[in-house]
Amino acid sequence: MNKAVEDLIQRGVRIPCPASVEIDESVAAARIAAGAVLFPGTRLRGAGTSIGPGCRIGGEAPATVDDCCLGRDVELKGGFFRGAVFLDKAAMGSAAHVRPGTLLEEEASGGHAVGFKQTILLSYTTAGSLINFCDALMAGGTGRRDHSEIGSSYIHFNFTPHQDKATPSLVGDVPRGVMLDRPPIFLGGQGGLVGPARLEYGTVIPAGTICRRDVLEPHQLFSPPALKGGRPRPFRVGAYRSIGRIVTNNLIYIGNLHALKLWYRDVRAATMGGDPFAAACREAALALIDDALDERIKRLGELAGRMGRSLDLARSDPALALPPEQEGHQRAFRDSWDGMAERLAAGPDETAGAADRDRFLAAWEKADRTGGHTRAVAGLAAEVKRAGTGWLQAVVDAAASLTVNV
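So for the sequence shown, this note's numbering puts the first residue at 11; every next one is plus one.
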């Protein structure tokens, strides 16, 4: 028997078939909790790996867990998981492919054959099976019986014909979503969302539908518009048209990541600091959000760097000529990017929403947190939640304001 496996068994980790389990020497035994279950075919790697009590790994198929942090009672039934964080009672079905930048909060889940990367699902959000949902954040719902849903065979389209990935989509948002009192969002199966998009709470996209636009009014049943003529139009890789919506949606997404970072820094410290496995998840989530910010700023910077070629193409080919307003937007984006990038990386000023922040945190200090994070948030008074949302929205607005001159 592998000595690392033997050490875990002696610590109280359940390993029904020790000979079939691989524990890399980089894994710290102290970060694997007694009571966790490692089924046959499990492989653990990475010094950052932390697995809390009650977790079950590889119950349906072999599972590789590499530099991931798991809270309590997480179930990863089979597949490949790297650089991800799963909070209490999160779950993934077998044949999962979960890559860095993925955060599933309490009781969020995915079915079988689900692909996530740079994906953040706030508490209770549920994904069906056969899904590719990368570069997106989704929220909504009040519990397991009232949750936002990604239907089976759904795709978030996150790569454009211009070969850029400035395409993050915001399904719900952070300032209201973290309060766990918003209506759920429904993305019907066999459908897709073309990023970067924003969807309001209560949005329903019927099964089999591709959504290519923002839905910014709540409680809307989306119906795609009829095609106009269907005739081809000139297209050249690198020749962009209107970029206003793309840039705005990226900045709002980055603002939401900054808001989520402050939520984990200032709010979740009280509900995730007392237990070593929860604390490891919080620390890993903060690092993950920082990486997500770097990724999104990098991708938006790549888009800004393409504006020179786009402007050249528009000037050299009459078929690709731009209206003056679109040309001006592209030039402004290119010329102002360095300053924008610096401000985005620095994050919001600590004074953003300070009065609301102080009101919220004062009430949060007195909240009953004995039942865990989600119950503590659910138990907050409506006016306290409004203050918290006001604080976080001010953080988002600080990032979104950078789009004024673009």
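Quick reminder that beta carbons are idealized off the backbone N, C-alpha and C, glycines included. Quick caveat: nothing in here was measured; it's all calculated off a predicted structure.
Paired residues, beta bridge with residue i - DSSP
i, result
"D156", "G153"
"C65", "DSSP lists no partner for C65."
"M102", "L86, G120"
"H107", "F90, G125"
"C221", "L203"
"T136", "S119, E159"
"S326", "Partner(s): none; S326 has no beta bridge."
"E32", "R53"
"V23", "For V23, which the question treats as bridged, DSSP gives no partner whatsoever."
"R208", "L180"
"S60", "C79"
"F196", "E159, V214"
"F96", "L80, L114"
"L48", "I67"
Boundaries of the alpha helix (DSSP H) in which residue i is found, first to last residue
i, result
"L270", "254-272"
"C291", "286-315"
"G125", "Here G125 belongs to no alpha helix (DSSP H); instead the beta strand (DSSP E) covers 124-131."
"V394", "392-410"
"R186", "184-187"
"H339", "334-356"
"R369", "364-376"
"L180", "Element bounds for L180: not the alpha helix (DSSP H) but the beta strand (DSSP E), 179-181."
"T384", "383-388"
"D276", "Note, D276: premise wrong, no alpha helix (DSSP H); not H, not E."
Pair within 8 Å by beta-carbon distance, residue i and residue j
i, j, result
"G88", "S139", "no"
"A94", "V84", "no"
"L226", "I215", "no"
"A404", "G357", "no"
"G56", "S30", "no"
"G111", "K99", "no"
"E32", "R53", "yes"
"A39", "R21", "yes"
"I195", "L209", "yes"
"V257", "F143", "no"
"A149", "G182", "yes"
"V47", "L190", "no"
"K175", "D224", "no"
"I19", "A43", "no"
"L402", "A269", "yes"
"N260", "R306", "yes"
"G69", "F49", "yes"
"E117", "R154", "yes"
Boundaries (first-last residue) of the beta strand (DSSP E) holding residue i
i, result
"F167", "165-167"
"A146", "141-148"
"D76", "73-76"
"T52", "52-55"
"L190", "Where L190 is concerned, there is no enclosing beta strand (DSSP E), given that its DSSP letter is neither H nor E."
"L203", "202-204"
Min CB distance residue i to chain C below 8 Å
i, result
"L80", "Considering every chain present, this structure includes no chain C. It has just one protein chain."
Beta-carbon separation (whole angstroms), residue i vs residue j, contact threshold 8 Å
i, j, result
"G248", "L313", "The pair is not a contact, with the Cβ atoms about 11 Å apart (cut-off 8 Å)."
"K246", "L330", "Position check: residue 246 holds Arg in this sequence, whereas Lys was assumed. Going by Cβ atoms, the distance from R246 to L330 rounds to 6 Å, so yes, they are a contact pair."
"M317", "L412", "Actually they do not touch by this definition, with Cβ atoms about 16 Å apart."
"G81", "L97", "5 Å"
"H383", "T281", "4 Å"
"L321", "Q336", "With a Cβ gap of about 10 Å, L321 and Q336 do not count as contacting."
"G271", "I299", "Note that residue 271 corresponds to Lys in the displayed sequence, not to Gly. Going by Cβ atoms, the distance from K271 to I299 rounds to 5 Å, so yes, they are a contact pair."
"A105", "A73", "Not a contact, Cβ separation roughly 10 Å."
"S179", "A207", "5 Å"
"W273", "V188", "5 Å"
Is the stretch 358-374 touching the stretch 397-415 in the sense that three or more CB pairs, one from each, lie closer than 8 Å? Segments in contact, yes.
Inset, instruction - Check whether the stretch 73-85 touches the stretch 260-278, counting contact only when three or more Cβ pairs, one atom from each stretch, lie closer than 8 Å. - result: no
- Message: Within 8 Å, do at least three Cβ pairs link the stretch 197-211 to the stretch 279-289?
- Response: The stretch 279-289, when compared against the stretch 197-211, does not touch it at the 8 Å Cβ threshold.
For the 8 Å Cβ check, are there 3 or more pairs between the stretch 372-390 and the stretch 266-283?
With the cut-off at 8 Å, the stretch 372-390 and the stretch 266-283 touch.
Count the CB pairs spanning the stretch 130-148 and the stretch 159-177 that are closer than 8 Å, and state whether there are at least three.
-> yes
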